[in-house]
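The numbering of the sequence shown is the UniProt record's numbering, which starts it at 3 and goes up by one.
Since the structure comes first, as structure tokens, the remarks are kept for the end.
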Amino acid sequence: RYIYMNGQLVEKEKAVVSVYDHGFLYGDGIFEGIRMYDGNVFRLREHLERLYDSARSILLNIPYTMSELEDIIVETLRKNKLYDTAYIRLVVSRGVGDLGLDPTKCKTPNLIVIAEQLALFPKELYDVGISMVTVPTRRNRPDILSPKVKSLNYLNNIMVKAEANMAGANEALTLNTEGYVAEGSGQNIFIVKGKKLLTPPSYVGALEGITRNAIIDLARDLGYDVREEPFTRHDVYVADEVFLTGTAAEVIPVVSLDARMIADGKPGKETHNLLNHFRKLVVEDGLK
Ligand code: PLP
């Protein structure tokens, strides 16, 4: 395996960063997770746009153009002989500085691209669905650091995942400080009620997921009434169906929350329908 690091493809064992990198010292940086299906990188432009927006938001200048990043991704995939499916992780850290917080001390950001295979949940769970539990850790509010920024500061999400693990659930449901449903540990949430599909708006405290946006467009094309509105746990408890979306998770059904069964406790038919259409979309809709 070869990792792209600042202009070079280096062997995995040799791909190391300095302990003075502010990504390591402070979680100062941003990242993206992208997938390739059948040789197509899914929604690459959208992922790169989000990366550049995240960078601007945290005053980080990415010293590459978007098309240079595209070439770097392709080069990394080829070098690793990945031609069909792959998961691509792009990391841009603030770079090496001193022990102070001042980001202006970091002269050059570090760019790292890792390409490998990834399965977030075991395959069977896509058929039987996952359990979720509401966790104590709340999602950060948009007036702290925008949930739209995909920063390297994932301690909040990690606590959320740890809390779900300790409760014996497959995933965590996070609420914002007002009690509205935000998202999973690293996935967006949708609920189905009749022909209506609801997902929280980003300002509630959710990342604006690329998969989420793809599902919104796909569902609208299929005639679903899709709304981005805040909802509470009550709405999840009484939903017909619930599912999560994310680049790593793809589309996965949720069959229980807080040990309460959702509907009959089986993945729903609309979820199944959307999942099937999503699987078609990802192979038809990428950039070669
Ligand atoms: N929410 C969080 C906190 C995430 O880190 C992710 C990441 O991938 C998502 C949601 C899903 O977003 P996407 O569909 O762009 O992968």
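Heads up, the beta-carbon is just placed ideally off N, CA and C, and yes, glycines get one too.
Run the proximity test for residue i: is its beta-carbon closer than 8 Å to any non-hydrogen atom belonging to the ligand HEM?
i: A174; result: Ligands displayed in this structure: the ligand PLP; the ligand HEM is not among them.
Can you tell me which of the options puts its alpha carbon nearest to the alpha carbon of residue i?
i: Q189; options: N172, V98, K195; result: N172
i: T139; options: V162, L154, I132; result: V162
i: V225; options: Y128, V98, P124, G196; result: The sequence given here has Gly at residue 225, not Val. Out of Y128, V98, P124, G196, G196 has the C-alpha closest to the C-alpha of G225.
i: I64; options: A88, I212, K109; result: K109
i: L62; options: A208, A117, P111, D242; result: P111
i: R58; options: L79, D86, R96; result: R96
i: E148; options: G207, L277, L127; result: It is worth fixing the name first, because residue 148 is Ser in this sequence and not Glu. Of the candidates G207, L277, L127, the one whose C-alpha sits nearest the C-alpha of S148 is G207.
i: K16; options: R143, H24, Y4, Y22; result: Y4
i: A166; options: H236, I132, P232, M263; result: I132
i: F233; options: T176, L101, E48; result: T176
i: R141; options: H24, S69, Y89, S187; result: S187
i: L79; options: E48, V98, I116; result: I116
i: E185; options: E77, V256, T273, Y89; result: V256
i: V264; options: A164, M134, V98, H24; result: According to the sequence displayed, residue 264 carries Ile and not Val. Minimum Cα distance to I264 is reached at M134.
i: H49; options: V183, R214, F123, M7; result: R214
i: E272; options: A88, N159, V130, A221; result: A221
i: E231; options: F123, T201, E210, L209; result: T201
i: Y89; options: Y66, I160, G35; result: G35
i: D266; options: N158, Y6, Y66, V130; result: V130
i: Y66; options: M7, I217, G270, N158; result: M7
May I have the straight-line CA-CA distance separating residue i from residue j, to the nearest angstrom?
i: K290; j: K83; result: For K290, the predicted structure reports a pLDDT of 49, less than 50, and the residue's modelled location is therefore unreliable. The matter cannot be settled from this model.
i: V18; j: A121; result: 24 Å
i: L246; j: L277; result: 11 Å
i: N275; j: G9; result: 43 Å
i: L259; j: T136; result: 7 Å
i: Y22; j: G102; result: 10 Å
i: K282; j: E70; result: 29 Å
i: I146; j: S153; result: 13 Å
i: V93; j: H279; result: 30 Å
i: V285; j: D104; result: 44 Å
i: D55; j: A169; result: 35 Å
i: D287; j: F44; result: 7 Å
i: G31; j: E77; result: 23 Å
i: G99; j: D223; result: 48 Å
i: L127; j: V183; result: 23 Å
i: R229; j: L209; result: 16 Å
i: Y85; j: E118; result: 11 Å
Name the two residues that bound the continuous beta strand (DSSP E) containing residue i.
i: G248; result: 243 to 248
i: N190; result: 190 to 195
i: F26; result: F26 -> not in any beta strand (DSSP E); alpha helix (DSSP H) instead, spanning 24 to 28.
i: K81; result: Per DSSP, K81 belongs to no beta strand (DSSP E); it is in the alpha helix (DSSP H), 68 to 81.
i: D266; result: No beta strand (DSSP E) contains D266, which DSSP labels as neither H nor E.
i: E126; result: Where E126 is concerned, there is no enclosing beta strand (DSSP E), given that its DSSP letter is neither H nor E.
i: T176; result: 173 to 177
i: V94; result: 88 to 95
i: D227; result: 227 to 230
i: L201; result: In the sequence as presented, Leu is not what sits at residue 201; that position holds Thr. That run of the beta strand (DSSP E) goes 198 to 201.
i: A216; result: Note, A216: premise wrong, no beta strand (DSSP E); alpha helix (DSSP H) at 212 to 223.
i: V115; result: 112 to 118
State yes or no: is the C-beta of residue i within less than 9 Å of the C-beta of residue j?
i: R91; j: F26; result: no
i: I60; j: L113; result: no
i: K150; j: S204; result: yes
i: D219; j: K198; result: no
i: E191; j: R52; result: With the sequence shown as reference, residue 191 is identified as Ile, and Glu is not the correct amino acid for it. No; because the gap between Cβ atoms is not below 9 Å, this pair is not in contact.
i: G248; j: Y156; result: no
i: L11; j: K81; result: yes
i: G181; j: R262; result: no
i: A241; j: I193; result: yes
i: V238; j: V244; result: yes
i: E72; j: L46; result: yes
i: T87; j: R143; result: no
What residue range does the alpha helix (DSSP H) around residue i cover?
i: E185; result: Counting along the chain, E185 falls outside any alpha helix (DSSP H), though it belongs to the beta strand (DSSP E) covering 183 to 185.
i: residue 361; result: The chain is shown from 3 up to 290; residue 361 falls before or after that span and cannot be answered.
i: N158; result: 157 to 168
i: N63; result: No alpha helix (DSSP H) holds N63; DSSP gives it neither H nor E.
i: R37; result: It is not in any alpha helix (DSSP H) - R37 instead sits in the beta strand (DSSP E) that spans 31 to 39.
Closer than 8 Å is the cut-off here; do at least three beta carbon pairs connect the stretch 34 to 43 with the stretch 98 to 108? no
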